[in-house]
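Below: one structure, written as structure tokens.
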Amino acid sequence: ASQGRTILISSHILEEVETMAGRILLMVSGKLAASGDFRAIRAKLDEQAYQVRIVVDEPRRMASAIVALDDVDSVSFDDDGSIVVLSRKVATIQTTLPRMAQENGIRLTRMEPIDESLESLFEYIVER
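When we follow this note's numbering, the leftmost residue of the sequence shown carries the number 2, and every step to the right adds one.
Put into structure tokens, the structure is as follows:
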């Protein structure tokens, strides 16, 4: 691929494909369901909320503040005490949550997407 050639890989092991491919074609029932860069395809699925996990030192207080945000679809707690936020406006959430934690004196130790994988993307497309 670095020599300007196209390599076609057909695989059901999506985790491996995700690490190797810059451009993907997703087939469902023998038909092309989506093509392009992984993140660009995910961005087009705006009806499917993004899932973001955050870990803070005061989860209940942070969750109370998050619930008040207009761009949040839902807030829940995972078994490990982390907060799971669902939102269709991931860019807004990515900037708002750290600022909100800082303004409220809450220590944010981790913030990560839960569903940002090729496998999750494929599941969303198949469900449509």
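Note that beta-carbon positions come from the ideal geometry of N, C-alpha and C, so glycine has one too.
- Within the model, the alpha-carbon separation for Ser65 versus Asp74 is close to 14 Å.
- Close CB contacts of Pro60 within its chain, under the 8 Å cut and outside five residues either way in sequence, are with Phe78, Gly82, Ser83, Ile84 (chain order).
- For Ile94, no beta strand (DSSP E) segment is defined; the enclosing uninterrupted segment is the alpha helix (DSSP H) at 91-104.
- Ser75 is bridged by DSSP to Leu87.
- A straight-line Cα-Cα distance of about 5 Å links Leu27 and Ala35.
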